Structure formats: structure tokens, C-alpha cells
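K.L.:
First residue of the sequence shown: 104, per the numbering used here; consecutive thereafter.
Cβ atoms here follow ideal geometry from the backbone N, Cα and C, with glycine treated the same way.
Source: prediction; values computed, not measured.
Got a structure for you, questions after.
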Amino acid sequence: MKQRTNAGYTIIANIKLPDCEYVLGEKQTESREPKYVTWYCVNSKNYYYGYYTNNKKDALITLYKRAKKEINYRIDKLNLITKGE
104 MKQRTNAGYT
114 IIANIKLPDC
124 EYVLGEKQTE
134 SREPKYVTWY
144 CVNSKNYYYG
154 YYTNNKKDAL
164 ITLYKRAKKE
174 INYRIDKLNL
184 ITKGE
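Structure follows, in C-alpha cells:
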């Protein structure tokens, strides 16, 4: 499978939901640019709301927290819908 890249970052991890995903990108760089980024992604090609860091552990935690927040939002939304039935 071909590795995806965005803005010079290679996508090294992702958490997929039915209509979007959260991804972790890594950049091999010696410059001051951050080495890691997490994005909200749609259609595997549109990346939004980047969170940048030089710490891989922080990037992974952010990836999981962002996905968890979205999942919890969707659960709450479903609970409201089913409560009204």
C-alpha cells in the first residue's frame, strides 16, 4: 500500500471513523520545523486543524484524544436522538 503524505509529513498512524479520520504525520527534518503533526482528515486527502509538536508521545496522545473526543460527541448525539424516540 502506498504511503500517504501531506505537506511533507508521512502519515504513520490513523484512526478511521465512517466519514473521517484522525492521522499522525511524521517529518524527517533537521530544521526547526515540528517533526510530528495530527490532523483531522476527510476523504484521505483533505487535512484540517493541525496540531504540531516535536514529541512523538505527545503527538500520539493528541491523536487518541482527538479521536476520542469525536467518538464521544457522536455517542452523545446518538443518545439524544434515541432518547427522543
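Which residues in the same chain have their Cβ closer than 7 Å to the Cβ of residue 138, if we skip the five residues on either side of it in sequence?
P.N.:
129, 130, 132 and 157
K.L.:
Using the C-alpha atoms, what's the distance from residue 169 back to residue 175?
P.N.:
10 Å
K.L.:
Would residue 147 pass as an interface residue toward chain B - the criterion being a Cβ-Cβ separation below 9 Å?
P.N.:
Going by chain labels, chain B is absent from the structure shown, which holds only one protein chain.
K.L.:
If you reduce the DSSP assignment to three classes, tell me which class residue 120 lands in.
P.N.:
coil
K.L.:
Just the Cα atoms here: how many angstroms apart are residue 113 and residue 186?
P.N.:
42 Å
K.L.:
Compare the Cα-Cα distances from residue 111 to each of 145, 150 and 117 and report the closest residue.
P.N.:
150
K.L.:
Measure the C-alpha to C-alpha separation of residue 159 and residue 107 and round it to an integer number of angstroms.
P.N.:
18 Å
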